[in-house]
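Be aware that the sequence shown starts at 1, since it is given in UniProt numbering, and climbs by one per residue. For every residue, glycine included, the Cβ atom is placed at its ideal position computed from N, Cα and C. Values in this document were obtained by computation on a predicted structure and should not be read as measured data. What follows is a single structure, written as structure tokens, with notes after it.
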Amino acid sequence: SRMPMPASLHFVLVDGRSTAEQARWDDSVLGSKPDWLVEGGTESTQWGVSRTIAAGFGSLLSRSPLKARKFLKGLADESEDWVEKHSRWPGTSEGWRSLQKIWSECLAADEKQNWKELWEEEVVRKSAYVTNSTAYVSNLGIPVPSILVNGKLLLKSSYDGPQSIFGAIGQEQQNFQQAVYTGALRDEEAVDDFIASMGVLSAYHPDITPSLAQEGGEDGMPGEHDVQVRYVQWPGSVFTSLPFLRSIEPELSVDDISGGEGSHVGLFHVVVIRDLNHGYLLHTFASHLLSPDRASVGSNTRVVVPPLTSRWTVIVEPNSDAGEELRACVRATLRLTSSDSDVASSLNRQKLSMLKFLGAALSSVSTELLTAGRVRELCLLGVRKKIDPELSSGFADLVRGGSAEEATLLGALEPSLGATWVCNGRQINLEAAGQPLSPGHVQTLEMMEAQYDVSKVEATADGESQTKPVKLLHEWLGPSTSVPFESHALIAAVRSEALSHGRGEAFTQPQEVFDTVPSAFRLHVPPAEPDAAVPIRLIGIVNPLSTTAQSASALFALVGMAFNAEVSLVLNPVMSYSEYPLKRYYREVIQWPERLADGRAAADLDDGQIGGGLAEFAGLATKHVLTAAMHVMPTWLVAAHEAENDMDNLRLVDVGDGKTCDVTYVLKSLYVEGQAFVLNEAGWPTAPAKNLQVDVLQKGALYPHDDTIVMGNLGYFQMHGNPGLYELKLKPVSNQSFVLANTKEVEVASYITPPYQLRVRSRDTSVHEEASQGVKGLFNSLMSSVWGDSEKGASSHLVKEGHAVQSELPTIHIFSVASGHLYEKLLGIMMLSVRTHTTNPLHFWFVDNFLSPKFKEFIPIMAQRYNFKVDFVTYKWPSWLNPQSEKQRLIWAYKILFLDVLFPVDVSKIIFVDADQVVRADVRELWDTDLKGNVYGFVPMGDTNPDVEGFRFWKQGYWQSHLAGKSYHISALFVVDLDEFRRTSTGDVLRNIYNQLSRDPASLANLDQDLPNFAQHQVPIFSLPSDWLWCETWCSQEVKPRAKTIDLCQNPLTKEPKIAMAKRIISEWQSYHDSVQTLQEEVWAEKQELSSKKEEL
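Pasting the structure below:
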């Protein structure tokens, strides 16, 4: 029921032994083995645990899928206990007993009595399921473990946790929805063809198709380890002299292929073998060329494949005497000829069969046993079995040594210690320890290199099919018949390298949609220069009254005028609205090129306002209060740098007629997001490295530039820095338990910073108990359900004079948020009231994102005057967290969501005080309050003013039921034990709950308050004494004399302005106000005087 669309799960468990362990001399294929042969692997009397699990799963699957699922569920439940002690299921006697118990409990009642005999027969002795599954996975070439979703490959920790799996399934649902909407998918019977049409390949290999897999774990994020495609250009005369073997199917003569009427795609393979470990490649390529369905793409009817004619040759570059013997054998096979026309017709097949046999024989023997004499013996054995006796005499005296032609070709290749495979010029290096190559991999690369020679079948409007013609290789060669077929590979190499930079065929379906839409809903913008080339055709479907259309319009204009693009828009409006759809004025700042496609200068457009780096809102006629905001790249930290006006509360009446309100924004920093996971002994990510503390140093620096803490949520962390290279080091507290597993430098070299993958290993596997409790392996990922540091600010300001402070007392840390000049004024008054009533050192913390330039300039001076410290902190909104677009809700979110990562780790406790409060008591009392083991304490909402009883929503409906007798607390004042908050991962809990609730726009009406109160059942709240917060709205006048703070919360009955309310209910407020106002005036007067002197100079 949690699947977003119907799904079928196939769980495949395979033989976990290495290729060498599985290698056996097959008498039925190779004949009697030589007397000296000792097989590369030995049959174990007891299978490994992984193989046994696979066999047990297969035996239950043959009974029923329900029993197999029960077996997996039992393994998943039991693994949570084992993982605390072991990195994998242990092969101990206890581990075997537990495995047997889980398996036997899944049997039918009548089978349980003799389960031991069944276990021995079906699991230990044989398992067709393991054999077939292993063969299936080997043919696909996919690594183990991994996941296939509609043929889309997920590698390693990209499936770690259920979110990733269901995210991939959700993406597939979107693909199907889009296909149905555009008409690409019309009925259920076409689903298989639709999936295949998105990319049909026979197998996966990281060096051939790296971009097909969604990677994770220590291999990094998608795109981080893309393989650079290399093409080699060989001299034509040398290349065409090589002895190529040709594919058997289809049966074609050279004359048929090279003639002007042919339309066959030629694929030429050159394999260089340097080590006997790669002898199996002889079997791989020979099998491919002998395969009758070599050029088949399965049942996909949307792809029409022309005949693919393959050619293959082998060059052996030996590093031993045995390798020298192999080179002589292979060369003799390739250059074998016959004058007998009857024998010559089958000679190509005999050569392929001989090399296939030799490759199979070499891979069936441990390489340590392959001496020169034994390689020669295997070669002659293959000759006797596969080569006509009349021709076998040519192998009597094998010619050893290399040739000048081979040396020339090898010299053009990129150096490699392993084998090298070149297909139509594309070079792939195969390392000895890398993934083996199968015939399916050869077919995959052939299809990729031939992709520009494949016709696609498109569905027409009436449901008929039509083939889109493409330019085949023989058409690229031109009408000349003088070009030998062997030269096709040389020409294809040049062509493939050129086309590899812009692969992909134009998709015509959107144009068909555009043409069928009524004219009233179509907008067509022709190219700016109709006679010039049109490099881009942009087709969009937009709601014209959406915020997306507002921002996209500038992009459409840029693409159309700067790049001579043709823009076609389908207008798709919402037919009815319950409120105004657009609530903002929007301008886009884009750096346009100096000259447009039609020759005009960008500076001449719209009086120079286009592409000038400015956004101007001219002619506004509104009485609404406006707020200025920047929408920037998600990895940017942008803040207002200069602004005289209140950018959060802009009114035209305040600006004045004929005047302008100017603000300058500055890009202060770039952010890098990342994920940190703990690796087990096998190198697999097992859990987020939550609470890991990391220092960020500029390369070569001695002291940290930044630091960060890893969240438990997805192992997320972030760091900031300007362009350059950075190194990550564990802080001492984390270095005691962990060591970095990857030490790759963090490079900030773009305005769009890629995510960084951090991996650590435990110094002692028993140390990280919390991480072990959070392990979600592959079993749990498939079986579990789905739910739905910060920048150190400007500087620390040391105090030299002002209010009396007893330095030996603990420093009290106070946190607050404010935005807009009004709240900044109230914030200054709150700080002064705190300072007045305590002799403890004070350190105030403010979120940098929301403060005005004027306040950030003023507050350090106030800190020096009144003897306290101040720091500005910030934390970029994580990309995975549901965003908030309204500024007030964003401010509320910062009050509660990032307490564990917003402050330096040496801040162990913090008190939050709203900006519109006045403190009347020593906050030391609140600082010393015993929270009784809770992570934070809040004051319950006032309950003594009967006039607002009807507004106490927490006493009725949903909230009354949810609280179940617990108090509803106000968020205007609270104290947080940050050490305990971090230790218990409370921030992760709150963010998870927020992500669930915020999917409903109607939930969390008062985000900063509703969230901790909703979460009380998971994160209990310590109730502070009610004297610590008095609010006229909720509290009676009788309890006001005991108030230790007074909050100016909004009264729903009177809606009295805050300043008027403050003057009326707080006797000392005016004095505080005047003190702050006087200091501000002094600062601005001094600034004005300095500015005047500069102008005079």
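Cβ neighbour criterion (16 or more within 10 Å) applied to residue i
i       : result
Gly266  : buried
His720  : buried
Leu1007 : buried
Gly656  : exposed
Glu446  : buried
Leu1090 : exposed
Asp110  : exposed
His624  : exposed
Ile752  : exposed
Pro283  : According to the sequence provided, residue 283 is His. The question's Pro does not apply to it. Its Cβ being crowded by 16 or more others within 10 Å, His283 is buried.
Phe617  : exposed
Residue from the options whose Cα sits closest to the Cα of residue i
i            : options                         : result
Ala615       : Leu1024, Val694, Glu588         : Glu588
Glu121       : Lys70, Ser59, Ile195            : Ser59
Arg889       : Thr420, Ser1003, Leu827         : Ser1003
Val1076      : Leu626, Ile812, Leu832          : Leu832
Leu725       : Tyr716, Asn713, Gly683, Pro704  : Pro704
residue 1098 : Leu281, Leu336, Arg835, His821  : Since the first residue of the chain shown is 1 and the last is 1097, residue 1098 is not available in this structure.
Ile814       : Phe846, His837, Lys825, Leu826  : Phe846
Arg63        : Trp103, Arg51, Val29, Ile428    : Trp103
Asp1074      : Phe912, Ile1059, Pro940         : Ile1059
His843       : Val913, Leu355, Lys876, Thr131  : Val913
Thr836       : Arg761, Asp848, Ala643, Tyr1072 : Tyr1072
Arg331       : Leu358, Asp340, Asp648          : Leu358
Pro415       : Val272, Thr333, Pro878          : Val272
Leu758       : Ser819, Val694, Val733          : Val694
Ser311       : Ala203, Gln443, Ala360, Val365  : It is worth fixing the name first, because residue 311 is Arg in this sequence and not Ser. Of the candidates Ala203, Gln443, Ala360, Val365, the one whose C-alpha sits nearest the C-alpha of Arg311 is Gln443.
Leu410       : Ala76, Gly712, Val238           : Val238
Ala322       : Leu334, Pro518, Cys379          : Cys379
Pro883       : Leu61, Pro1001, Lys856, Pro243  : Pro1001
Glu236       : Gly425, Val574, Trp1030, Val314 : At residue 236 the sequence reads Gly, which differs from the Glu that was named. Minimum Cα distance to Gly236 is reached at Gly425.
Straight-line gap, residue i to residue j (C-alpha atoms, nearest Å)
i            : j       : result
Ile861       : Thr944  : 41 Å
Ala528       : Gly599  : 10 Å
Gly217       : Pro685  : The predicted model places Gly217 with a pLDDT of 34, which falls under 50 and marks its position as unreliable; any figure quoted below should be read in that light. Computed Cα separation, rounded: 6 Å.
Leu997       : His1017 : 15 Å
residue 1113 : Gly613  : This structure gives no information on residue 1113, because the portion of the chain shown stretches from 1 to 1097.
Trp115       : Leu99   : 13 Å
residue 1147 : Ser568  : It is not possible to answer for residue 1147, since the shown part of the chain is limited to 1 through 1097.
Thr622       : Leu652  : 8 Å
His124       : Arg97   : The amino acid occupying residue 124 in the given sequence is Val; His does not appear at that position. C-alpha separation (whole angstroms): 14 Å.
Val935       : Ile208  : 52 Å
Arg69        : Pro755  : 36 Å
Glu39        : Val29   : With a pLDDT of 46 at Glu39, under the threshold of 50, the modelled position of that residue is not reliable, and no figure is offered here.
Ala628       : Leu185  : 45 Å
Val748       : Val739  : 24 Å
Leu545       : Phe951  : 36 Å
Cys278       : Leu326  : Here residue 278 turns out to be His, not Cys, going by the sequence shown. If I take the Cα positions, the gap works out to 11 Å.
Leu730       : Val710  : 11 Å
Lys351       : Arg230  : 30 Å
Ser971       : Met941  : 9 Å
Tyr580       : Tyr586  : 15 Å
Val232       : Leu413  : 7 Å
Lys854       : Glu644  : 7 Å
Practice prompt. Would you check if the segment 544 to 563 and the segment 579 to 594 touch, i.e. whether three or more CB-CB distances between them fall below 8 Å?
Written response: Counting C-beta pairs closer than 8 Å gives three or more between the segment 579 to 594 and the segment 544 to 563, which meets the contact rule.
Discussion item. Check whether the segment 696 to 705 and the segment 971 to 986 are in contact - that is, three or more C-beta pairs closer than 8 Å.
Written reply: With the cut-off at 8 Å, the segment 696 to 705 and the segment 971 to 986 do not touch.
Practice prompt. Tell me, please, whether the segment 277 to 295 touches the segment 429 to 439 by the rule of three or more beta-carbon pairs shorter than 8 Å.
Written response: yes
Worksheet item: Of all the alpha helix (DSSP H) runs that stay within the bounds of the segment 632 to 688, which reach a length of 4 or more residues?
Response: 652 to 655
Worksheet item: At a cut of 8 Å, does the segment 980 to 996 reach the segment 899 to 917 through at least three beta carbon pairs?
Response: yes
Worksheet item: Quick one: any contact between the segment 1046 to 1053 and the segment 906 to 925, if contact means 3 or more CB pairs under 8 Å?
Response: yes
Worksheet item: What are the complete beta strand (DSSP E) segments, minimum 3 residues, inside the segment 799 to 872?
Response: Complete beta strand (DSSP E) runs here, min 3: 812 to 816, 842 to 847.
Worksheet entry | Ordered list of alpha helix (DSSP H) runs contained in the segment 996 to 1067, each at least 4 residues | 1007 to 1014, 1058 to 1065
Discussion item. Within 8 Å, do at least three Cβ pairs link the segment 1076 to 1086 to the segment 957 to 966?
Written reply: no
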